[in-house]
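Every letter in the sequence shown is one number past the one before it in the working numbering, and letter 34, counting from 1, is 14.
Just so you know, even glycine gets a beta-carbon here, dropped at the ideal spot from N, CA and C.
Because the structure is a prediction, the values reported are computed rather than measured.
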Amino acid sequence: MAARLSFVSHTAADRMTLAGVLRRHLVGYPIRPTTQSSIHLGGPSPEDPPVIRPRYVETGEDQAATARILGWGREMVTRNPLAELVESGDQPGLSISTAEQVVRPAQDSPLGVHHAIGSAAMGPDPDDVVDDRLRVRGVEGLRIVDAPVFADQPAGNTTAPTMAPAWRAADLIRQES
């Protein structure tokens, strides 16, 4: 299991505070989650809102990984030298003891840590949304040049990987014009 642990500041600068408290959070998550969300057309009209189904930490693999990662994080902040700096813990808190107590807040949160990818994955099969030239199958003149074409979550931020299909699309469009 590959994971990312990072300390995050919820302040704009080190001297600023939220509610009078300088806050730092330890955030941990699996790099390649297996739980899949979905987005679908909401109807035949472009005015119909999409049907978006965000899902978080639903597979057994993601639940086990999340529990392990947050367990590591809890162990880190309860040992010196970090323990000397930690006044309290929340979300899910330092007093949790079971995997379910770790996983439940992650499932209930409306926030995800991953950038949305794969909603229009590129592939060779007729059922794949996008072909190898980044064209949307069944829609003339439309290409997708963004992270939705990725079939798998990159092991890091999506900014640099998203540039690859953009450069490829620029080359393809130049070739075709």
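field: C-beta atoms of A146 and V129 nearer than 8 Å
entry: For the purposes of this step, residue 146 is taken as the residue at position 166 of the sequence shown. For the purposes of this step, residue 129 is taken as the residue at position 149 of the sequence shown. Not a contact, by the Cβ cut-off of 8 Å.
message: Once the 5 residues before and after Q133 are set aside, which same chain residues still bring their CB inside 8 Å of it?
response: Start at 1 with the first residue of the sequence shown, and residue 133 comes out as number 153. Cβ within range, chain order: I11, R12, P13, H94, I97 and G98.
- prompt: By Cβ distance, which residues of its chain are closer than 6 Å to T39, with the 5 residues on each side in sequence left out?
  reply: Residue mapping note: residue 39 aligns to position 59 of the sequence shown, counting from 1. Once the five neighbours on either side are set aside, the close Cβ partners of T39 are T14 and T15.
query: How big is the Cα-Cα spacing for V116 and D108?
result: As a first step, residue 116 must be located in the sequence shown, where it is residue number 136. As a first step, residue 108 must be located in the sequence shown, where it is residue number 128. Between V116 and D108, the C-alpha separation is close to 9 Å.
message: Please list the terminal residues of the continuous alpha helix (DSSP H) segment that includes V83.
response: As a working mapping, residue 83 is identified with position 103 in the sequence shown. Per DSSP, V83 belongs to the alpha helix (DSSP H) from A79 to D88.
Proximal residues to P29 (C-beta, below 7 Å), its chain only, five neighbours per side dropped: Within the sequence shown, numbered from 1, the residue matching residue 29 stands at position 49. Hits under 7 Å: G22.
message: So within the stretch -10 to 64, which uninterrupted beta strand (DSSP E) runs reach at least 3 residues, ignoring any that extend past its ends?
response: 4 to 10, 18 to 20 and 31 to 33
query: Helix or strand or just coil, what does DSSP make of A(-17)?
result: By one-based count along the sequence shown, residue -17 stands at place 3. Here A(-17) sits in strand by DSSP.
query: Does the beta-carbon of I32 have 16 or more other beta-carbons within 10 angstroms, so that it is buried, or is it exposed?
result: In the sequence shown, residue 32 corresponds to position 52, counting from 1. Answer is exposed; the Cβ neighbour count stays below 16.
- prompt: Cβ atoms of V82 and L50: under 8 Å apart, would you say?
  reply: Your numbering for residue 50 matches position 70 in the sequence shown. Your numbering for residue 82 matches position 102 in the sequence shown. Contact flag set, yes.
query: Since L152 is in the alpha helix (DSSP H), which residue starts that stretch and which ends it?
result: The residue given as residue 152 occupies position 172 in the sequence shown. Its alpha helix (DSSP H) spans residues T139 to E156.
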